[in-house]
Ligand SMILES: Cc1ncc(COP(=O)(O)O)c(C=O)c1O
């Protein structure tokens, strides 16, 4: 099979950091940077790389350097060669293409017991609370289980008790919902994936915010969707007029939006903006899917739920952020008809979620307000500690105060997010570049910094990031493509 696409030397060079400025041998830095692009999905697998000579010229390095880098990529399984087809990128078995780049590079750079203790800022998520209600819920679920074991245990739409609990929670929030309108999923991303699988066909357009949650971008592309990104306003929030114009021009099949504490900016969208976007989406026949994964982690009053403004909105949510991502329980709220179709689809994929996990969730959903309040009390000082550490260590960066969620979206004073993450990995800080939250390698001027860790860890991380930032050569940065979102 021939590679499906090709990247030229200049195009690849434009995606790469200036590898000559990174520490260590240039060939190793080049191999790592290409690996990063592949794992980020910015160079698709099966893409043919330029010849060694062409890339050497584009990067102004010796051909031997590129040869050594390609050899290294072959050795790690990221490059393969076929006679007559050149060398193309691939992903070795066992590596999850969606896994954080930074995690991977760190594994390469650090060895056990060697170097500073690792600080992982790659994920905006929390461990389960100690002494949490989770343990109680697990016990209660175990006691419930015998009532289910005489059935076959398959429930593509979810077990009734959890569907009812989720419906009750929506109703409590002002969105009248019946259990038939709820489908239980294995987390919010699973919910997004199911909706895409049902509604999006090859080449269909899907409007997203830019930046947005990378998992959703991956899912859209996996289903053959074409991402149509609309930049967030510089001051935070949606650019409503631009979103409306894009809806009208592109008439996307679907819009994936996160108005309730957007990942990564933490923005909360006001009711009027939601109404305005929904009004045009109705005209263009665009199905709006709202991801409420962070809705309970707000540092200010919530807005009206989007589904309360328009009955056709499809909402996904989960217990991953307020409770624990390891539970893998989420939901879709939609019309009963759509839920029915989604359940039929799901029956052909994994037949349904684990009954025990759903029982655990059923004991937690009713307590979500209290659980989230504890989380917010824990997170608020961490958020403020992170903002203070950024202001202290990197005063030239700009960081808006997130209104909810688990991360700060920092604007750097040079578009060097990817080189920073490579450098930071060597200093033992795992962080994901801004470009992972967009498409086509944009957003290099931004960095998503989660504040899920305790304040002292965040202080330490920012000290290390500041040192790494100080070591980067910014001289070539202004020549790079600048995309300000
Ligand atoms: C916006 C958004 N949606 C969905 C998810 C995934 O959630 P879940 O663990 O429920 O699949 C995340 C995880 O970070 C997220 O940020």
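Numbering (our numbering), first residue to last: 2 to 486. Note that CB positions come from ideal geometry on N, CA and C, so glycine has one too. Treat the numbers as computed from the prediction; the structure is a model and nothing was measured.
- When beta bridges are read from the DSSP output, residue 411 appears opposite 400 and 448.
- Contact check for residue 220 against residue 194 passes: the beta carbons are separated by less than 7 Å.
- Pairing residue 10 with residue 55 gives a Cβ-Cβ distance under 7 Å.
- The C-alpha of residue 176 is placed about 9 Å away from the C-alpha of residue 312.
- Between residue 222 and residue 206, the gap from beta carbon to beta carbon reaches 7 Å or more.
- The beta carbon of residue 292 sits closer than 6 Å to at least one heavy atom of ligand 1.
- The closest heavy atom of ligand 1 lies less than 6 Å from the beta carbon of residue 331.
- Not one heavy atom of ligand 1 is found less than 6 Å from the C-beta of residue 417.
- By the Cβ criterion, the stretch 157-169 is in contact with the stretch 182-191, since at least three pairs of Cβ atoms, one from each stretch, lie closer than 8 Å.
- Within its own chain, the residues whose Cβ lies closer than 6 Å to the Cβ of residue 274, once the five positions on either side in sequence are excluded, are 239 and 241, listed in chain order.
- Judged by pairs of C-beta atoms under 8 Å, the stretch 27-34 touches the stretch 66-76, as three or more such pairs exist.
- Residue 419 is classed as buried because its beta carbon has at least 16 other beta carbons within 10 Å across all chains shown.
- DSSP links residue 336 through a beta bridge to no other residue.
- Taking C-beta atoms as the reference points, residue 326 and residue 285 fail to come closer than 7 Å.
- In this structure, residue 244 keeps its C-beta atom at 7 Å or more from the C-beta atom of residue 201.
- Looking from the CA of residue 365, the closest CA among 89, 61 and 330 belongs to 330.
- Residue 429 holds the alpha-carbon nearest to the alpha-carbon of residue 118 among 440, 429, 458 and 271.
- Cα atoms of residue 187 and residue 308: separation of roughly 21 Å, rounded to the nearest angstrom.
- In terms of side-chain proximity, the C-beta atom of residue 188 is found nearer than 6 Å to a non-hydrogen atom of ligand 1.
- Rounded to whole angstroms, the separation of the alpha carbons of residue 350 and residue 91 is 26 Å.
- Ligand 1 never approaches residue 408 closely enough for any of its heavy atoms to be under 6 Å from the residue's Cβ.
- Collapsing the DSSP output to three states places residue 287 in coil.
- The bridge partners DSSP lists for residue 460 come to none.
- Under the three-state reduction of DSSP, residue 54 is assigned to helix.
- Residue 208 sits away from residue 246, with the two beta carbons spaced by 7 Å or more.
- Taking residue 27 as reference, the option from 64, 214 and 315 with the minimal CA-CA separation is 64.
- Short note on residue 266: C-beta not closer than 6 Å to any heavy atom of ligand 1.
- No heavy atom of ligand 1 is found nearer than 6 Å to the CB of residue 155.
- At the C-beta level, residue 314 and residue 123 stay beyond 7 Å of one another.
- For residue 214, the shortest separation between its Cβ and any heavy atom of ligand 1 lies below 6 Å.
- Each of 169, 15 and 130 was checked against the Cα of residue 373, and the nearest Cα belongs to 130.
- Within the same chain, Cβ atoms closer than 8 Å to the Cβ of residue 14 are found at 56, 59 and 60, the five residues on either side in sequence being excluded.
- Relative to ligand 1, the nearest heavy atom lies less than 6 Å away from the CB of residue 326.
- Within a 10 Å sphere around the beta-carbon of residue 338 sit fewer than 16 other beta-carbons, which makes this residue exposed.
- Around the beta carbon of residue 462, a 10 Å sphere encloses 16 or more other beta carbons of the protein chains shown; the residue is thus reported as buried.
- With 16 or more other Cβ atoms inside 10 Å of its own Cβ, residue 214 counts as buried.
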